[in-house]
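Written out below as structure tokens is the structure these notes cover.
Numbering (this note's numbering), first residue to last: 5 to 200.
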């Protein structure tokens with residue numbers, strides 16, 4: 005489960021939760037995905053790519069009036085890539101093997117084999133800085149207990165350990181904070197409508 009969730013045991017974090025199925029549970033029906041590696045790539049291609057990465061690219065580029073393009077996602081390139089045998093996609097621990105071989109003809113090798121660098125938001129710095137008070141309020145154990153969605157015993161220790169610099173739980177906590185903020189917004193909106 006922790007392959008698809010930041011939480012080692014996501015059911016423990018949410019009161020009354022039951023484990024949900026995942027793409028890994030559905031490997032066979034994934035359009036004949038074949039091997040587990042193919043099923044994982046299809047899961048990423050069908051969910052993480054459009055629902056996360058491309059959304060972020062679109063939002064950040066459009067924020068500065070830039071229309072971004074992803075030429076490697078052209079349907080002909082994608083269809084060709086899917087048709088390749090696994091040995092051409094990954095070999096000897098090298099991912100994107102064929103792409104890197106071709107690219108190596110045109111650019112320096114150190115550029116071809118440079119490690120990935122993400123575009124992650126500085127959530128840890130935010131939670132240690134300007135957003136700490138906001139997070140303290142939303143992750144207050146009494147509030148979590150009263151609202152009854154999250155298991156206080158699972159969430160509160162992570163926040164304490166993070167604040168004390170013991171562990172880097174910011175990615176786990178951010179998901180909880182987003183839910184808490186969403187819930188607070190809609191509870192306030194409902195209360196405003198009721199009063200009106």
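Every residue gets a Cβ at the ideal spot worked out from N, C-alpha and C, and that includes glycine.
Q: Please look up how many angstroms separate the CB atoms of residue 148 and residue 156, rounded, as I've assumed it's under 8 angstroms.
A: 5 angstroms
Q) For residue 87, which three-state DSSP category applies? A) helix
Q | Contact check, residue 86 vs residue 127, beta carbons under 8 angstroms | A | no
Q.
Which residue marks the beginning of the alpha helix (DSSP H) containing residue 57, and which one marks its end?
A. Taken as a continuous stretch (DSSP letters only), residue 57 belongs to no alpha helix (DSSP H), as it is neither H nor E.
Q: List the residues that DSSP assigns as beta-bridge partners of residue 99.
A: 94
Q.
Suppose the cutoff is 7 angstroms on Cβ atoms and the five residues either side in sequence are ignored; what does the same chain contact list for residue 88 look like?
A. 102
Q: Tell whether a beta-carbon distance below 8 angstroms holds between residue 173 and residue 165.
A: yes
**Q.** Helix, strand or coil at residue 154 [DSSP, three-state]
**A.** strand
Q. What does DSSP give as the partner residues of residue 197 in its beta bridges?
A. None, per the DSSP bridge assignment.
Q.
Does residue 45 pass the burial test, meaning 16 or more other C-beta atoms within 10 Å, or should it be called exposed?
A. buried
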